[in-house]
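Trainee: If you read the sequence shown in the working numbering, its first letter stands for residue 942, the second for the next number, and so on. Even glycine gets a Cβ: it sits at the ideal position worked out from N, Cα and C.
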Amino acid sequence: MTWHQITTEKSDRRDAIKKLTAGLIAGVGLASTSCSVFSDDQEKEISQLTWDEFFKKNYKIMSDEERIQTVQRLEALYEKKTGNTINMSHQGPIEDVLFGYAFNISKCQGYMDCVNACIEENNQDRNSEMQYIRIHQIEKGHGFNFEKADDNYTNQVPAENHFYIGTQCFHCENPPCVNVCPTEATWKEKDGIVVVDYDWCIGCRYCLASCPYDGRRFNWSQPHVPEDEVNKNQHYLGNRMRKKGVMEKCTFCIQRSRNGNNPACVEACPTGARKFGNLLDPKSEIRWILENKKVFRLKEDLGTEPKFWYYMD
């Protein structure tokens, strides 16, 4: 088939690309070899699944049926490649829920249990500084001057004459990271969670540059998580396995929060410094904090409206 024949057919651009590149995936890296660990049938199945995965739509515009097919395909790919099974969810936002977060500076002692829980829950790379959560150790008297903060402290905590404050993605109501993404790979869901479709991210890092809170992380290398440490309960927009060259970030543990559970960091905090809940529920703890404590947000003058507040007892 010539280029003219392809482009004059009544097909969209994606169909044309499929026809032009047919066989490429099967021919590069997936073809059967004498040293392959897969059988011919396995390689054919992996090749077909990978092919279908490559040409899927952006998750944001998928139908419910397409989303089901997508997570089933990813589950099948994982099982065929590793011999193990995962449970991947595509659960959408819960009606009448808008998530918010509050951090009690008075209670944080710098233990970093939250950081470790986040790494394990969200299948973060074990070989890099990928942590979504940063705990900053700041000497009292310097205010909230992050330039004077120690983000890599190894001393015994809590250190005398210091306080601790955590940062992560703040899931802004007006997220600048979303506005700059050229492929619409990141967006804000109805429940307020800012998400990323890793397969539509091209790694331009515009979102990283536009975030005023250092809330985004880039995979400079292929993420590594030992198989026996992989969290098998995953969400398509959350803690599924990522790849080299894409952005990732906190999702308020979407695989947990959309099932009515707290994010891993909230449950792991030994001092109760972290609070999470539904901003639309007048009886929720997060609403009580906002209505009864003197709360503030970082860089409020930017108009990003973070859904992450700080307060002190």
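1. Within its chain, find whatever has a CB closer than 6 Å to the CB of Pro1034; leave out the 5 residues flanking it on each side and keep chain order.
2. Could you please give me the residues that DSSP links to Met1029 through a beta bridge?
3. Suppose the cutoff is 7 Å on Cβ atoms and the five residues either side in sequence are ignored; what does the same chain contact list for Ile1076 look like?
4. Tell me the DSSP secondary structure of Val969 in three-state form.
5. Please classify Gly1107: does DSSP put it in a helix, a strand, or coil?
6. Near Ile1297, which residues of its chain fall below 7 Å by C-beta distance, leaving aside the five closest residues on each side in sequence?
7. Measure the alpha-carbon distance for Asn1064 versus Asn1219 and round it to whole angstroms.
8. The alpha helix (DSSP H) spanning Thr991 covers which residue range?
9. Less than 8 Å separating the beta-carbons of Cys1185 and Asn1203?
10. Label Asp1138 either buried or exposed according to how many other C-beta atoms from any shown protein chain fall within 10 Å of its C-beta, with 16 as the threshold for buried.
11. So, for Glu1246: in the same chain, excluding its five sequence neighbours on each side, which residues have a beta-carbon less than 7 Å away from its beta-carbon?
12. In the structure shown, what three-state DSSP assignment does Phe1193 receive?
13. Assuming Trp1128 is part of the beta strand (DSSP E), what are its boundary residues?
14. Reducing DSSP to helix, strand and coil, say where Asn1115 ends up.
15. In angstroms, rounded to a whole number, what distance separates the CA positions of Arg1183 and Tyr1177?
16. Is it true that the CB of Asp1037 sits closer than 8 Å to the CB of Leu1221?
17. Cutting at 6 Å between CB atoms, please list the residues of its own chain near Arg1238, excluding the five before and the five after it.
18. How many Å lie between Asp1242 and Cys1148 at the Cα?
19. Please report the straight-line C-alpha distance between Glu1006 and Gln1013, rounded to a whole angstrom.
20. Let me know the beta strand (DSSP E) ranges lying completely inside the region 1007-1087, each 3 residues or longer, listed in chain order.
21. To the nearest whole angstrom, what separates the beta carbons of Glu1318 and Lys1216, a pair I think is in contact under 8 Å?
22. What is the DSSP secondary structure of Arg1238, counted as helix, strand or coil?
23. Going by DSSP in three states, Ile958 sits in which element: helix, strand or coil?
24. In whole angstroms, what is the alpha-carbon distance linking Phe995 and Ala1126?
25. By Cβ distance below 7 Å, which residues in the same chain neighbour Asn999 in space, the five residues on each side in sequence not counted?
26. Is there a C-beta anywhere in chain D that falls below 8 Å from the one on Pro1211?
27. Check whether the region 1081-1096 and the region 1161-1171 touch, using three or more Cβ-Cβ pairs below 8 Å as the test.
28. For Cys1191, which residues of its own chain have a beta-carbon under 6 Å away from its beta-carbon, when the five flanking residues on both sides are left out?
29. Comparing C-alpha positions only, which one of Cys1206, Met1253 and Arg1158 sits nearest to Cys1118?
30. Three-state secondary structure (DSSP) at Lys1001?
Mentor: A quick look at the data gives this:
1. Glu1130, Lys1131 and Asp1132
2. Gln1175
3. Gly1051, Met1053, Val1056, Tyr1105 and Gly1107
4. Legend: pLDDT at Val969 = 44, less than 50; position of this residue unreliable, no value from coordinates given.
5. strand
6. Limits of the chain in this structure are 942 at one end and 1254 at the other, which puts residue 1297 out of reach.
7. 25 Å
8. Asp981 to Phe995
9. Strictly speaking, residue 1185 in this sequence is Lys, with Cys absent from that position. No. Outside cutoff.
10. buried
11. Cys1113, Glu1114 and Asn1115
12. coil
13. Thr1127 to Lys1129
14. coil
15. 10 Å
16. yes
17. The residues are Pro1247 and Trp1250.
18. 19 Å
19. 11 Å
20. Unbroken beta strand (DSSP E) runs of no fewer than 3 residues, entirely contained in the region 1007-1087, are found at 1028-1030, 1040-1045 and 1075-1080, following chain order.
21. Outside the shown range of the chain (942 to 1254) lies residue 1318, about which nothing can therefore be said.
22. coil
23. Bear in mind that the predicted position of Ile958 carries a pLDDT of just 46, short of 50, making it unreliable; the figure below should be weighed with that in mind. Ile958: helix per DSSP, three-state reduction.
24. Whole-angstrom Cα-Cα distance: 15 Å.
25. Once the five neighbours on either side are set aside, the close Cβ partners of Asn999 are Glu1125, Asp1138 and Trp1141.
26. In the structure shown, chain D does not exist; there is a single protein chain.
27. no
28. Tyr1073, Gln1109 and Cys1110
29. Residue Arg1158 holds the alpha-carbon nearest to the alpha-carbon of Cys1118 among Cys1206, Met1253 and Arg1158.
30. helix
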